[in-house]
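>
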Amino acid sequence: MTSDLSNTDASSEAPIDPILDCLKPAMSPLACGKIFYFDPRGDLTLHVGQMETGGTYQFVVCSRTLGRSSPVFGAMLFNGFAESKPEGDSEWIVELPEDRSHPFFLLLNIIHSHSMTIPDTLKPEELYQLLVVTEKYDMTHVLRPMASMWFQPYKEATIVTGKGIFLCIAWALGHEETFRNVALDLVLMSKVDDNGQLLDINGIPLSIYKHLGPPSILELIGQAREDVIRKISLMFHDAIQANLGSQGCSAHTLPVCYIDGHKRRLEAPECNSMNLGRLMRYAKDIDLEGLDTAQTTTPRFLGSVNDLVSSINEYDSDSIALHTLCDPWPYIRKGTRELMQTVSSPVSDIHLEYLRKQAKKTGADRKRPVEAEERVSSCKKCRLG
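In the UniProt record's numbering, the protein residues as written are 1 to 385.
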């Protein structure tokens with residue numbers, strides 16, 4: 001499965017189509033190189049984007065509207081910085097080459113109240129790119145009227161599961177539950193490439209979303225993933241060491257086993273050897289490297305935690321002739337099952353505090369009107385009781 005994301009730029013490094021689908025009709029006049037007037041009496045011209053990432057567009061805006069909407073622009077334009085209005089009759093132009101023109105176009109429509117050009121829905125990539133801009137200029141609060149509507153389609157767990165882009169979207173919009181769930185999904189579902197880089201369920205490197213998310217979350221996800229793999233591999237390591245030390249066989253009465261259709265008693269050294277060989281072959285088959293060492297580091301495993309757990313559960317240990325009492329697989333499965341029940345989301349209290357602040361900005365903490373009406377109705381019933 002592949003993502004719709006493609007191309008990158010210096011501002012986000014997250015790939016996306018050159019033009020957001022939702023903006024193509026509204027931006028069609030710009031194809032002829034025209035200046036777009038967000039305010040017919042606008043006093044400021046923004047040069048947004050660069051030729052290498054889709055072209056530079058000229059947007060004429062109201063400087064006061066932009067300054068009121070963004071503390072960052074307010075400081076840039078009115079506090080004596082290089083972007084402030086020049087003296088005399090010189091044209092006021094601000095260059096923004098690092099910003100994507102298309103999400104910026106949508107943002108300017110929002111703050112200039114051009115409601116007819118504001119879409120009812122945004123694809124994940126479109127919402128992500130818009131949030132990159134709003135977070136950069138401290139403007140995410142201006143999305144409050146639309147934020148809940150845009151995020152509504154992505155509240156279904158199956159849509160966001162294991163996809164790194166939703167971790168960043170939930171972070172910027174203050175959706176605490178989604179952020180928690182996706183972070184845990186990524187602990188269990190993310191894989192790594194040959195360079196050790198975390199990949200989401202679509203194989204997209206999580207690092208490309210680093211400009212819209214807490215700086216520590218990828219490290220925490222990676223550490224939590226490694227910790228689970230280390231604990232699972234330790235179960236295999238203990239079983240291997242037990243059989244290497246001739247301590248694996250516990251069958252004192254040497255029960256009868258059937259090998260190639262023939263009944264025979266399996267001696268303890270043979271039992272240890274068969275167990276050891278089976279464990280080592282399994283580790284080799286799934287590319288779990290390092291189990292035959294002193295286990296001083298986490299064995300290297302490129303797959304996901306869920307891949308490893310599924311492999312353990314699906315392994316056919318019954319087809320091997322062993323003393324039932326000595327078979328390590330039931331203990332490994334049981335230990336893995338118990339371990340998985342303890343894995344929690346790597347979200348910290350600091351993350352939660354930030355998410356709740358964002359939720360107040362965007363309205364993510366508001367209850368739906370239907371829920372409010374249900375509470376009022378319930379209270380009336382209680383009073384009428």
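C-beta: ideal position from N, C-alpha, C; glycine also.
From what residue to what residue does the alpha helix (DSSP H) around residue 441 run?
Because the chain here runs from 1 to 385, residue 441 falls outside it and cannot be looked at.
> How would you call residue 391, buried or exposed, if buried means at least 16 neighbouring beta carbons within 10 angstroms?
Nothing about residue 391 can be read from this structure; the chain reaches only from 1 to 385.
> Could you check what DSSP says for His-262 in three-state terms: helix, strand or coil?
Here residue 262 refers to the residue found at position 262 when the sequence shown is read from its first residue. A caution first: His-262 carries a pLDDT of 49, below 50, which makes its placement in the model unreliable, though a value can still be read off. Looking at His-262 - three-state DSSP - the assignment turns out to be strand.
> May I have the straight-line CA-CA distance separating Gln-223 from Asn-195, to the nearest angstrom?
To locate residue 223, count along the sequence shown from 1; it is residue 223. To locate residue 195, count along the sequence shown from 1; it is residue 195. So the alpha carbons of these two residues sit roughly 16 Å apart.
> Do Val-48 and Pro-97 have their beta-carbon atoms positioned less than 9 Å apart in this structure?
Mapped onto the sequence shown, residue 97 falls at position 97. Mapped onto the sequence shown, residue 48 falls at position 48. A contact, by the Cβ cut-off of 9 Å.
> If you run the structure through DSSP and keep just helix, strand and coil, what is Phe-36?
For this step, residue 36 is matched to residue 36 along the sequence shown. Strand, per DSSP.
> Leaving out five residues before and five after Ser-319 in sequence, what residues of the same chain have Cβ atoms less than 6 Å from its Cβ?
Position 319 of the sequence shown, counted from the start, is the residue given in the question as residue 319. Summary for Ser-319: the model assigns pLDDT 48, below 50, so the residue's position carries little reliability; its value from the coordinates is reported in the next sentence. Excluding sequence neighbours, Ser-319 sits near nothing in its chain.
> Taking C-alpha atoms, which residue in Thr-178, Phe-166, Leu-220 lies nearest to Asn-202?
Locating residue 202 in the sequence shown gives position 202, counting from the first residue. Of Thr-178, Phe-166, Leu-220, the residue nearest in Cα terms is Phe-166.
> So within the region 144 to 181, which uninterrupted alpha helix (DSSP H) runs reach at least 4 residues, ignoring any that extend past its ends?
144 to 151, 157 to 160, 164 to 173
> Would you mind working out which of Val-228, Gln-152, Gln-50 sits nearest Leu-186, comparing C-alpha positions?
Translated into positions along the sequence shown, residue 186 becomes position 186. Of the listed residues, the one whose Cα sits closest to Leu-186 is Val-228.
> Below 8 Å, can you find three or more Cβ-Cβ pairs linking the region 209 to 222 to the region 330 to 342?
no
> How long is the line joining the alpha carbons of Ser-148 and Thr-121, rounded to whole angstroms?
As a first step, residue 148 is located in the sequence shown; it is residue number 148 there, counting from the start. As a first step, residue 121 is located in the sequence shown; it is residue number 121 there, counting from the start. Going by the C-alpha atoms only, they are around 10 Å apart.
> If you drop the 5 nearest sequence neighbours on each side, which residues of the same chain put their C-beta closer than 8 Å to that of Arg-366?
Position 366 of the sequence shown holds residue 366. Listed in chain order, the non-local C-beta contacts of Arg-366 below 8 Å within the same chain comprise Ser-148, local neighbours out to five positions each way being set aside.
> Below 8 Å, is the gap between the Cβ of Ser-101 and the nearest heavy atom of the ligand MG?
Here there are no bound small molecules, and the ligand MG is not part of this structure.
> For Arg-281, which residues in the same chain have their Cβ closer than 6 Å to its Cβ, ignoring the five residues on either side in sequence?
Within the sequence shown, the letter at position 281 stands for residue 281. Excluding positions up to five away in sequence, the list is empty.
> If you measure between the beta carbons of Ala-364 and Leu-130, is that distance less than 9 Å?
The sequence position of residue 364 within the sequence shown is 364, counting from 1. The sequence position of residue 130 within the sequence shown is 130, counting from 1. Contact flag unset, no.
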